[in-house]
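*Asks:* Attaching a single structure in structure tokens format; questions to follow.
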Amino acid sequence: MTGFFTNSAQAKIFEDDWVQGLVVDQNGEAVIGASIFEKGTQNGTVTDVDGKFRLDVQSYEHTLEISYIGYTTQRIKPKKGDNLHIVLVEDSKTMDEVVVVGYQTMRKTDVVGAVSSIKSKELNVTTPTVGQSLVGKVSGVQIAQVSGAPYQSTKIRVRGVASINASSDPLYVIDGYPSNEDLMLSPEDIESIEVLKDAASAAIYGSRAAGGVVLITTKRGKEGKAKVNYNFQFSVNQLAKKVKLLNSAQFADLVVDGRNNAYKNFMVNKYNSL
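The sequence shown: position 220 = 1573 (this note's numbering), numbered continuously.
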């Protein structure tokens, strides 16, 4: 009898508790990057390109929160082996009141961590890269242009130099998907940017968030009249002053004058005849 209970307990330990499902909008279109968060824990995931997800839950007593920017959060208490079909409804509240934090969204008044939020209208400036458009808009964040070449990425430091050996670049999370690449998005494609600066806000990303986290939510289609924007930029680069350089003979004369007997006159004359 004792062996029977022991085997049952072991089977329970190794038993998978999970739920899966599909998240769509009111038109039946898959919602990519929707957050599925197990309330009361740091456990969560996001939907894939087909709007599907699978989450290993810690307890079926916990409520699942399914959220996405611009939609009302759905709360569901799952059952073992559930295959959920979740329809998100557009939310009428304004985007200015919402901040993305990890696997969930919160109102600005409820955020207690060090989070800075930038909306698309603040990025609507004449800059070629997102990093340049953030200059002066995010407190405690250092932004530097490391190269003068056109459309070069900018270096962003959220916590200064956080490591001696490893990179101090922040972790970029674009629509729920982490990326270690440079921030080379167009400012026109971004709906909002949240910068997580403290350990509490970025805890769910682990050691990858040692340099802070930059959460980016891109724009998506909305119901209503079509809107077309056209932007055109033109620039010309030229030297402010062209420095006159020496030719080979002049350079040789300079060396002869600077260093006695460095070159003989007949050697210099060879260059004068060219």
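Note that beta-carbon positions come from the ideal geometry of N, C-alpha and C, so glycine has one too.
Kindly list the residues whose CB is nearer than 7 Å to the CB of VAL1442, restricted to its own chain and excluding five residues on each side of it in sequence; keep chain order.
*Replies:* So the qualifying residues of the chain are GLN1379, TYR1424 and THR1425.
*Asks:* Does DSSP put LYS1508 in a helix, in a strand, or in coil?
*Replies:* Three-state result, LYS1508: strand.
*Asks:* Flag this pair as yes or no: are the beta carbons of VAL1483 and LEU1437 separated by less than 8 Å?
*Replies:* No, the Cβ-Cβ distance between VAL1483 and LEU1437 is not below 8 Å.
*Asks:* Taking the straight line between their C-alpha atoms, what separation do you get for SER1539 and TYR1583?
*Replies:* Their Cα atoms are separated by approximately 14 Å.
*Asks:* Run the CB neighbour count on VAL1589, radius 10 Å, all protein chains shown included, and call it buried at 16 or more, exposed below.
*Replies:* Under this definition VAL1589 is an exposed residue.
*Asks:* For LEU1375, which beta-bridge partners are listed by DSSP?
*Replies:* BP columns for LEU1375 point to LYS1405 and HIS1438.
*Asks:* According to DSSP, which residues form a beta bridge with VAL1567?
*Replies:* Answer is TYR1525 and VAL1548.
*Asks:* Beta carbon of GLN1498, beta carbon of GLN1485: below 8 Å?
*Replies:* Yes, the pair counts as a contact, with Cβ atoms nearer than the cut-off.
*Asks:* Can you name the start and end residues of the alpha helix (DSSP H) that VAL1609 belongs to?
*Replies:* Per DSSP, VAL1609 belongs to the alpha helix (DSSP H) from 1601 to 1611.
*Asks:* Run through DSSP, which three-state label would PRO1540 get?
*Replies:* Three-state result, PRO1540: helix.
*Asks:* If you follow the alpha helix (DSSP H) that GLN1485 is part of, which residue opens it and which one closes it?
*Replies:* Here the alpha helix (DSSP H) through GLN1485 covers 1483 to 1486.
*Asks:* Determine the extent of the beta strand (DSSP E) in which ILE1389 is found, giving its start and end residues.
*Replies:* 1388 to 1391 is the span of the beta strand (DSSP E), which, as asked, contains ILE1389.
*Asks:* Anyone know if the C-beta pair for ILE1385 and GLY1397 falls short of 8 Å?
*Replies:* Contact flag unset, no.
*Asks:* Name the DSSP bridge partner or partners of GLN1427?
*Replies:* Looking at the DSSP assignment, GLN1427 forms a beta bridge with ILE1419.
*Asks:* Between the Cα of VAL1402 and the Cα atoms of VAL1376, ALA1605 and ILE1429, which residue gives the shortest distance?
*Replies:* Minimum Cα distance to VAL1402 is reached at VAL1376.
*Asks:* What are the start and end residues of the beta strand (DSSP E) that includes TYR1530?
*Replies:* Residues 1530 to 1532.
*Asks:* Which same chain residues end up closer than 6 Å to GLU1414 when comparing Cβ atoms and leaving out the 5 residues on each side of it in sequence?
*Replies:* Cβ within range, chain order: n/a, list empty.
*Asks:* Could you tell me the boundaries of the beta strand (DSSP E) in which THR1398 lies?
*Replies:* THR1398 -> beta strand (DSSP E) spans 1397 to 1399.
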